[in-house]
Amino acid sequence: MRLRTTREFRKVRGFTLIEIMVVVVIIGLLAAIVAPNFIGQIDTAQINAVRQDIRGIETALNLYRLDNFRYPTTAEGLDALVRNPGGAVADTWKQYLPRLPQDPWNVPYQYVSPGQESGGDFDVFTLGRDGQEGGDGIDADIGNWNID
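For the sequence shown, the positions run -18 to 129 when my numbering is used.
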């Protein structure tokens, strides 16, 4: 094994501390500029997922009504789309959803029949990220009355 000379060490040059710090600062600046744009997109994607889920649930509820001549009661809830609430209650029942979806915050969707907010036959909604009634933006209630 041969030892390297000083001249050979000068040829094998690494990065200086200043060069490394400049790269770290540039990466930090890029992250500070790009990260807020991605965070806003996550909120938008969650709201879009809620809209799609609610539309799917509405479709399943309308199919339930076509087969059973009524919508599930509030007591039966959305579970009536997955499990038969009973032969006498829904004698022409089929499974309308393979499973009940949950909102992006892992909370089951709410169901009320007759609808109070929509003024229609039913309300399907989520209370938003905060899980509380009302709110703004991502914390707002999202339901079949305001998804269009």
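Just so you know, even glycine gets a beta-carbon here, dropped at the ideal spot from N, CA and C.
Going by the CB atoms, is the gap between residue j and residue i shorter than 8 angstroms?
{"i": "Thr107", "j": "Val88", "result": "yes"}
{"i": "Tyr77", "j": "Asp34", "result": "no"}
{"i": "Leu44", "j": "Leu59", "result": "no"}
{"i": "Trp86", "j": "Arg110", "result": "yes"}
{"i": "Val105", "j": "Ile8", "result": "no"}
{"i": "Gly116", "j": "Glu98", "result": "no"}
For residue i and residue j, I'd like the C-alpha separation in whole angstroms.
{"i": "Val4", "j": "Ile28", "result": "37 angstroms"}
{"i": "Ser94", "j": "Pro66", "result": "15 angstroms"}
{"i": "Leu42", "j": "Leu62", "result": "7 angstroms"}
{"i": "Arg32", "j": "Arg64", "result": "23 angstroms"}
{"i": "Trp126", "j": "Lys75", "result": "26 angstroms"}
{"i": "Phe19", "j": "Ala13", "result": "11 angstroms"}
Within the continuous beta strand (DSSP E) that includes residue i, where are the two ends?
{"i": "Asp104", "result": "104 to 107"}
{"i": "Val93", "result": "91 to 93"}
Quick one, which of the options has its alpha-carbon nearest residue i's?
{"i": "Phe103", "options": "Gly9, Arg36, Ala13", "result": "Arg36"}
{"i": "Ala121", "options": "Gln97, Leu42, Thr25", "result": "Thr25"}
{"i": "Gly96", "options": "Thr54, Ile119, Gln83", "result": "Thr54"}
{"i": "Gly118", "options": "Gly100, Ile23, Ala56", "result": "Ile23"}
{"i": "Gln83", "options": "Glu57, Gly100, Ile1, Gly112", "result": "Gly112"}
With DSSP as the reference, label residue i as helix, strand or coil.
{"i": "Gly124", "result": "strand"}
{"i": "Gln83", "result": "strand"}
{"i": "Ala56", "result": "coil"}
{"i": "Gln97", "result": "coil"}
{"i": "Leu78", "result": "coil"}
{"i": "Pro66", "result": "coil"}
{"i": "Thr(-3)", "result": "coil"}
{"i": "Asp129", "result": "coil"}
Quick check: does the Cβ of residue i come within less than 7 angstroms of any heavy atom belonging to the ligand ATP?
{"i": "Pro85", "result": "Among the components modelled here there is no ligand, and therefore nothing to report on the ligand ATP."}
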